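Number 34 in our numbering belongs to position 16 of the sequence shown; there are no gaps in the numbering.
Note that CB positions come from ideal geometry on N, CA and C, so glycine has one too.
Note that this is a predicted model, so its numbers are computed, not measured.
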Amino acid sequence: MLPSLADVLRLPALRRARPRVIVGAEYLDVAVRWVHIAEVPDLAHLLRGGELVLTTGIAIPDDPDALRRYVTDLASVGVSGLAVELGRKYSSALPEALLTAAREARMPVISLAREARFVEITEAVHSRVVSEQLEELRESERLHEVFTELSVEGAPPQEVLHEAAQLSGCPVVLENLTHQMLACDLNGEDPGILLTAWENRSRAVVTRARTAHDPATGWLVTMVGARGQDWGRLILVCGASPTPRQTILVERAATTLALGRLLERHQESLERQTHRTIIAGIVDRAYSEPEEALVRARAVGVPLNGRNLIGLVLRMREAGTGLAMQARLADTAEGAARACRELRLPALVGSLDDVRVGILLALPEKEPLDSALTRLAERVRARVGDGSVIAVGSRTEDIREVRRSFLEARQVGDVAVRQTDDRLYHRLPDLHLRGLLHLFRDDERLQTYVERELGPLLAYDARHDGDLTEMLRCYLSAGRNKALAASRAHLSRPAFYERLRRVSHVLGADLESVETCLSLHVALLSLDSVRDRLRG
């Protein structure tokens, strides 16, 4: 850490000159980067900022305006202060114009009552500066070694935060981009004080630079992320302005956290790829012998022989393409894998295609299936949200029958994704009529039935860019309750009744007839199944 101007004024070499702060005593905490001896009037362009300027005053202009420009120019480049030796040009006091300009510029001015040995002062300050810089380099190297070791060891975030708190002596908090705390080490501080209303307080701290100090809160904040994708902020509650060491420390800790997450994701991604390959080999019957699949699964820590094998499919509710969809699918697969690990459920987990994640559960014979499925479904939902439905295939003990279990789960998922109930998971018996229609969706007779019942209405909507088919769906889904259907369609009752009248006219059907409505409802459900087939 560079010495402050106050530190420099306490050096013996300078104290012998009997320094007196005339202007700017409140600014003595400014850092001194260098000492510059100058006896020329146009000095500012030679400086970089952070210098203490020493002069006898012989080159300082006499004209008040020129004197003001001299001080203003020095202040504009950011000098730490101006020290003027008395006796050569100024016998006992410095010009008032110089002092006034210095006050306006908030630049410290020091008078030296005795003859000053400028070379001795320069050597003393430069020695102190170089010593501080060397110490900063050594400290930076120590921090580098500590956090590099943590990175190599794959230390979890809590261990990284603990090390940062110990080294800094300050509380450290890791939060996500929505300002929810992910982990913390408060270094013995009261959590009731530090963490109360954390989200609101954190939102109020807005920083523009990647690493910045917020004076109002005393927080030193740095972004956490890699490859242009930030995922959190690391906050060091240091109070006063941070030291360079604290800044280096928080940045190194953030880098370690980001690297750890990259490595963790890379490792898990490789595991997902391996699991996906094994599942695909089983489903596509790519292995010449069933034993090969058993051996491969056992090699990745998932024994399949002598177990109850169940194929599960996590079907994404929204289909899509591009990087965003790939990321959601990858996050779903990783979340499902973590849920299995946390519950100690042996399983292969990997994506099946663009909208499906497959799970091959290998449960011990004594493990109750329903209990395991419920616990897994709850944990998966907690991990990845409700952006997918969980479909369960039939149970088997034969590796050869796993393919059938997955195909069944896939069919169930394609139907369940349209269901509105809040089941934790779906099986074929849960689908009722939808499941039956889904199984026959490729049958030309079913497709002909859909066209016969709904063809005129679909054609009308296509010609007029209308929504009569959806109005019919609302009416039938509401159990033929017109008031409820109008509410769900966000229409007034008269407007909705007019739409139904038009539907009845286009179809030539009596919507008060139970049998007619049943036929139309079956046709709509069949249409959904056929459209699902086309979407893949």
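| query | result |
| --- | --- |
| Bridge partner(s) assigned by DSSP for H63 | Bridge partners of H63: none, in fact. |
| Those residues which DSSP pairs with I590 across a bridge | The displayed coordinates of the chain run from 19 to 554. Any statement about residue 590 would go beyond what the structure contains. |
| T240 beta carbon less than 8 Å from that of E269 | yes |
| Nearest-angstrom Cα separation, counted from R520 out to Y556 | Residue 556 is absent from the structure shown; the chain starts at 19 and stops at 554. |
| Cβ neighbours of E57 in the same chain (closer than 7 Å, five flanking residues each side left out) | T73, T74, I76, A77 |
| Check whether L486 and Y493 have beta carbons under 8 Å apart | no |
| Exposed unless 16 or more other CB atoms sit within 10 angstroms - verdict on R325 | buried |
| Separation of D483 from S423, as counted between CA atoms | 41 Å |
| Exposed unless 16 or more other CB atoms sit within 10 angstroms - verdict on P175 | buried |
| Other residues of its chain near A427: CB distance less than 7 Å, five sequence neighbours each side excluded | G329, L330, V331, A409, V410, G411 |
| Reduced DSSP secondary structure (H/G/I, E/B, other) of N194 | strand |
| Proximity of E141 and R263 at Cβ, strictly below 8 Å | no |
| Buried or exposed by the 16-neighbour rule on C-beta atoms within 10 Å, applied to S110 | exposed |
| Coil, strand or helix - A434 by DSSP | helix |
| Exposure of S220, with buried meaning 16 or more beta-carbon neighbours within 10 Å | buried |
| Element boundaries [alpha helix (DSSP H), containing C492] | 486 to 495 |
| As assigned by DSSP and simplified to three states, the class of R445 | coil |
| Beta carbon of Y443 nearer than 8 Å to that of A395 | yes |
| Backbone secondary structure at S306 - three-state DSSP | coil |
| Proximity below 8 Å, CB of L130 to CB of V89 | no |
| Sheet register partners of V14 (DSSP bridge) | No information on residue 14 is available, as it lies outside the stretch 19 to 554 that the chain covers here. |
| Proximity of R135 and A31 at Cβ, strictly below 8 Å | yes |
| Cβ shell of D47 (< 6 Å), same chain only, five flanking positions each side left out | S22 |
| Assigned secondary structure, D248 (DSSP; H/G/I helix, E/B strand, else coil) | strand |
| Residues bridged to T235 [DSSP beta-bridge criterion] | Looking at the DSSP assignment, T235 forms no beta bridge with any residue, so it has no partner. |
| Touching by the beta-carbon criterion (3+ pairs, under 8 Å), the segment 357 to 366 and the segment 414 to 423 | no |
| DSSP bridge partner residues for S369 (one or two, in chain order) | V375 |
| The alpha helix (DSSP H) enclosing D388, as first and last residue numbers | 387 to 402 |
| Close Cβ partners of Y108 (< 6 Å) along its chain, the five nearest in sequence each way excluded | G75 |
| Cβ pair R251, V242 closer than 8 Å | yes |
| First through last residue of the alpha helix (DSSP H) which encompasses R31 | Just to set this straight, residue 31 is Ala in the shown sequence, not Arg. That run of the alpha helix (DSSP H) goes 30 to 33. |
| N-terminal and C-terminal residue of the alpha helix (DSSP H) that E44 is part of | Neither: E44 is in no alpha helix (DSSP H) and is coded neither H nor E. |
| Spatial neighbours of H162 in its chain, beta-carbon cut-off 8 Å, leaving aside the 5 residues before and after | R270 |
| C-beta atoms of A380 and P321 nearer than 8 Å | yes |
| Distance CB(L267)-CB(L327) smaller than 8 Å | no |
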